[in-house]
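K.L.:
Residue 866 is where the sequence shown starts when you use the numbering used here, and the numbers rise one by one after that.
All C-beta atoms, glycine included, are put in the ideal place defined by N, C-alpha and C.
Before I ask anything, here is the structure I am working with.
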Amino acid sequence: MGGQTVYIVYADILFFINFCIDFICLYLSAKLCACPAGIARTALGSALGGLYAVAALALDALPAAAKLPLHLLAAFVICFAAFFRGDWKKTLLCCGLFIAANALMGGLLTAVYTLSGKYAHYNGGFYAEIGAGSLVAIALASALCAWVFGFLSKRRLKSLYADVEIVFGGNRYTLRLLADSGNLLREPISGLPVILLRPGVLPGGEPLTLERPGQRVIPFSSAGGSDILIGFRADSITLKTLTRKKDIQAYLAFDKAGNGFAGTDGLFPASLL
């Protein structure tokens, strides 16, 4: 063919390799963003990534400037399928981390196969000669990396959460709260820390009005401006971590901004740990 080099790309192997890489990158992104993503949705996003890798072979005629927006759009679709649960901001954050993780993984694989000399550049992409043994090794390495990172993340995340037992109005409630080092709210008179709760987690605690005894105005400032919360005291509050249990003194207040608190019932100051 006039000396033109012909490359043979096996679509099934290309799909499988990209599925593995996308799966581990989606997994890492979910852990880093504290964004819950089930196995099924992660697999769906990875499958879309594998299909796009195969379909991208047909983009040879497009200039590089046209390919980049398509690649970014594909990354967003993959992350949308894996992560989106109504929170656009978190989905975009996960998408950015997913792109960064893919760049890192791609760079590492490029370095390995460049050193081996068994590679070729085609259509702006990097393709390597991968045997059956290398294919199995990549899959096992991906699974091992995901397991190690997940194990370390799980240990770290456990220290960021705590169960808080609240006795209020004669009833006992156990809430799952997230420790927040940035929660510096204090009730201005007593100086006690403030635990922010998701509305509705304490039946009978709302609506709050200053006519009820024991309630205090708690002013605060944030990026969105200044406002006030109405704080109240519970009969008792017990903080339970993995290693200990202790009674704490704090005011409770219901969040007004509609925060999701990463799926928990609220935030408590990390200083209480």
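What are the boundary residues of the alpha helix (DSSP H) that Ile1093 is part of?
P.N.:
On the sequence shown, residue 1093 is found 228 positions in, with the first residue counted as 1. Careful: Ile1093 lies outside any alpha helix (DSSP H), inside the beta strand (DSSP E) at Gly1090 to Gly1096.
K.L.:
Buried or exposed: Asn967, going by 16 or more other Cβ atoms within 10 Å of its Cβ?
P.N.:
Position 102 of the sequence shown holds residue 967. Flag for Asn967 reads buried.
K.L.:
On the DSSP letters alone, give me the boundaries of the beta strand (DSSP E) that Ile1113 sits inside.
P.N.:
Sequence index remark: in the sequence shown, residue 1113 carries index 248 (1-based). Ile1113 -> beta strand (DSSP E) spans Lys1110 to Ile1113.
K.L.:
By the three-class DSSP mapping on this structure, what secondary structure does Phe887 have?
P.N.:
Position 22 of the sequence shown, counted from the start, is the residue given in the question as residue 887. Note on identity: in this sequence residue 887 is Asp, with Phe being the wrong assignment. Correct three-state label for Asp887: helix.
K.L.:
Evaluate Pro1134 with the Cβ neighbour count: other Cβ atoms within 10 Å of its Cβ, from every protein chain shown; 16 or more gives buried, anything less gives exposed.
P.N.:
Counting from 1 along the sequence shown, the entry for residue 1134 is found at position 269. Looking at its Cβ environment, which holds 16 or more other Cβ atoms inside 10 Å, Pro1134 is buried.
K.L.:
Assuming Ile1093 and Val1059 make a contact with CB atoms under 8 Å, what is their CB distance in whole Å?
P.N.:
As a first step, residue 1093 must be located in the sequence shown, where it is residue number 228. As a first step, residue 1059 must be located in the sequence shown, where it is residue number 194. Contact doesn't hold; Cβ gap of about 12 Å is too wide.
K.L.:
Which term fits Leu1022, buried or exposed, when burial requires 16 or more other beta carbons within 10 angstroms of its beta carbon?
P.N.:
Position 157 of the sequence shown, counting from 1, holds the residue named residue 1022. Reliability of the predicted coordinates at Leu1022 is poor, the pLDDT of 46 falling under 50, and the value obtained from them is presented with this limitation in mind. Exposed, because fewer than 16 other Cβ atoms sit within 10 Å of the Cβ of Leu1022.
K.L.:
Please classify Val1029: is it buried, with 16 or more other beta-carbons within 10 angstroms of its beta-carbon, or exposed?
P.N.:
The residue you call residue 1029 lines up with position 164 of the sequence shown. Label assigned to Val1029: buried.
K.L.:
Return the first residue and the last residue of the alpha helix (DSSP H) that Ala1127 is part of.
P.N.:
Here residue 1127 corresponds to residue number 262 of the sequence shown, with the count starting at 1. Careful: Ala1127 lies outside any alpha helix (DSSP H) and carries neither H nor E.
K.L.:
Is there a Cβ from chain D that is less than 9 Å from the Cβ of Ser1046?
P.N.:
This model lacks chain D altogether, as it is built from one protein chain only.
K.L.:
Could you tell me which residues DSSP pairs with Asp1028 in its beta bridges?
P.N.:
Within the sequence shown, the letter at position 163 stands for residue 1028. Arg1041 and Lys1105.
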